[in-house]
RNA sequence: GCCCCCGUAGCUCAGCUGGAUAGAGCAACGGAUUUCUAAUCCGUUGGUCGGGCGUUCGAAUCGCCCCGGGGGUGCCA
């Protein structure tokens, strides 16, 4: 739990709780309902306790507020209370004393910035990537790792044990088709495995898909409309060819399943090429996903048949039209009409089979008490089916706690273009991720060169890279994840408003103050521990904003919505900008300067820490 | 058909377990710079919170019914 020493809401809640208990002993334990005031002209905090209390006891709300006030002693914390502190139907407004606020900020000024370890850390699996072999990464792939990594970092920051899982799509018939295609090309001497690139694979993947796709509709049309023997023969040839290719692809899949060395070598090469690119992108975007987080579908392949046997034997799975399903009508399993299909009538397994198997491994072997899926919102039904099946099978029951793991979908919407339709290039192709990053870096570089001409080209390059990455990630993470959002290159890279560059700028300005301070001021000045003197309104507002940090991080841990932290950080940066404008730091003197330096330092630490929790890198200067 | 998600200012979006006159940013307009980065700050203009009914002292928030948009829906992943 949170340490009560720095949190004004906790401190006030304690006082209100006892005041309420004295004013209305018959009321029992009543929530003081302390919140930060929305209008700062009325106060810093407010209690909404009087209204529900009055209702419960059948008295007038304002009378209840007056009674609470009568028993409330905040003289050491807040500015004097009076009748005027009661507003509207019974709100009680509180303004903290500057010295109290200073004490709270000093208590908050610890290495962990008010976020202490949980009494019992949880083991949490975050499913956050899911790239597919042989497919070029495009913008559609980016939300999962952005959001998933931010959630993972948040939970780590809160003291939990987080296991990232990159659920790589590296198995199944689609992959076998590509393996077949590459094997054919190698056999024909048109392809060298050594020089294989992801672009090559992307092309091969698409060609392979097409070659296995039987155009039955076309053939039917030829016959129906009598398009002539030639057209019909061509269509027939296509269908025959596709049928043959499809059959061969199935054979390749069998070879892969049997670890046939030649097919497996090609598969391994495809996996290596894809993963190298994927992990390089992660590294460049400061996404904490590395090789050790890979848990591809192929690693579950051998477990599927025994698992399905287990389900069948225990009567959890049943046959239906030749297929094997797990029914989920029971409310305990989600009350889902559509059953979870785990084996096709031809004996093949489906992605649901693998996903059920993944729940089992994550809970039974990894020990997950909570599994979070940072996955496209469209997968919601699929996930609920998988969870229902896993719970029904007992796979979700934690071996130690004996309780079902929490299974949560951190769903996200699509990235749209200006036209409100899914973000595509002018030609209609998906936007390649590497192209998007390059474009962002180029745009950032142009701005940095213009704004900071005094820096070296090497510095420009470094800064542009970081600004671009921050802009991209921030543009995604500042939005409510479940909604679609409109991607705007100009808005993202802008320094105005709630953007990555604006946030980096706030950090860089503070760093700049300390750079100057180191030159112009005795470096031994005791600002890190000097008393805070919060006399200006901007100083108070900044202090109040700082104290909200732990709550903002916890809110993300609970809601799995990183935009809440982003929103908070933007508000903190705004409070700092107002402070920066109104309160000179280096030009002030004595205690004021020391106090302001400490305030700056704290702000910088919170901003940097908060951005790092979101996975956004910061800069010393820009 | 059934299920899920979304609808807040001209645009892009916040709005916490229901709380006061619904907030930011952009755009528009007006100010502030011999200044620690003006890449900023301060102010003005702008909204029947998709519509209705209900619960409540109090609803953008909770419930029900509509309207509009998107998505999913047994043998692809």
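Numbering (the working numbering), first residue to last: 980 to 1601.
By construction, the Cβ of each residue, glycine as well, lies at the ideal position given by its N, Cα and C atoms.
When C-beta atoms of the segment 1362-1379 are compared with those of the segment 1267-1281, fewer than three pairs fall below 8 Å, so the two segments do not count as touching. Here residue 1311 is exposed. Its C-beta has fewer than 16 other C-beta atoms within 10 Å. Note that the segment 1118-1135 touches the segment 1445-1460; at least 3 beta-carbon pairs, one per stretch, sit closer than 8 Å.
In the pairwise beta carbon analysis, the segment 1395-1408 is classified as not touching the segment 1364-1382: fewer than three pairs are separated by under 8 Å. Taken through DSSP and simplified to helix, strand or coil, residue 1113 comes out as coil.
With fewer than 16 other beta carbons inside 10 angstroms of its own, residue 1504 counts as exposed.
Under the three-state reduction of DSSP output, residue 1014 falls in the strand class. Counting only the Cα atoms, residue 1514 lies some 40 Å from residue 1265. A direct Cα-Cα distance of roughly 10 Å separates residue 1446 from residue 1481. Looking from the CA of residue 1142, the closest CA among 1186, 1107 and 1005 belongs to 1107.
Rounded to whole angstroms, the Cβ separation of residue 1051 and residue 985 is 21 Å, and the two are not in contact under 8 Å. Put simply, the segment 1132-1149 touches the segment 1091-1111. At least three CB pairs are less than 8 Å apart. Shown here, residue 1096 sits in coil according to DSSP, grouped into three states, outside any helix or strand. The beta carbon of residue 1393 sits closer than 7 Å to the beta carbons of 1401 and 1463 from its chain, once the five residues preceding and following it are set aside; these are given in chain order. Collapsing the DSSP output to three states places residue 1457 in coil. Less than 9 Å separates the beta-carbon of residue 1419 from that of residue 1448. Where residue 1306 is concerned, there is no enclosing alpha helix (DSSP H), although the beta strand (DSSP E) around it starts and stops at 1302-1307. CA-to-CA, the gap between residue 1520 and residue 1096 works out to about 27 Å. If you keep only unbroken alpha helix (DSSP H) runs of at least 4 residues inside the segment 1321-1347, you get 1330-1339. Sequence-distant partners of residue 1071 (beyond 5 residues in either direction) whose C-beta falls short of 7 Å from its own C-beta, in its chain, are 1025, 1026, 1029, 1044, 1047, 1048, 1064 and 1065. In the three-state scheme derived from DSSP, where H, G and I count as helix and E and B as strand, residue 1278 is classed as helix.
Taking a C-beta distance under 9 Å as the contact criterion, residue 1185 and residue 1179 do not qualify as a contact pair.
DSSP, reduced to helix, strand and coil, places residue 1410 outside both helices and strands of the structure shown, so it counts as coil. Membership of residue 1106 in any alpha helix (DSSP H) is not indicated; the residue belongs instead to the beta strand (DSSP E) covering 1102-1106.
Under DSSP, no beta-bridge partner is assigned to residue 1477. For a cut-off of 8 Å, the C-beta gap from residue 1585 to residue 1525 is around 6 Å, short enough to register as a contact. Annotated as proximal: residue 1094 and residue 1533, with beta-carbon spacing under 9 Å. Residue 1192 carries a coil assignment under DSSP once its states are collapsed to helix, strand and coil. By the CB criterion at 9 Å, residue 1386 and residue 1352 fall inside the cutoff. Taken through DSSP and simplified to helix, strand or coil, residue 1468 comes out as helix.
Looking only at 1292, 1318, 1290 and 1307, the smallest Cα-Cα distance to residue 1300 is reached by 1318.
Taking the C-beta atoms as reference points, residue 1348 is found nearer than 9 Å to residue 1377. Residue 997 and residue 1549 have their C-alpha atoms some 35 Å from each other.
Under a 10 Å Cβ-count criterion, residue 1437 is classified as exposed, with fewer than 16 other Cβ atoms of the shown protein chains found around its own Cβ. Under DSSP, the beta-bridge partners assigned to residue 1352 are 1106 and 1388. Within the segment 1530-1576, complete alpha helix (DSSP H) segments of at least 4 residues are found at 1542-1561, given in chain order.
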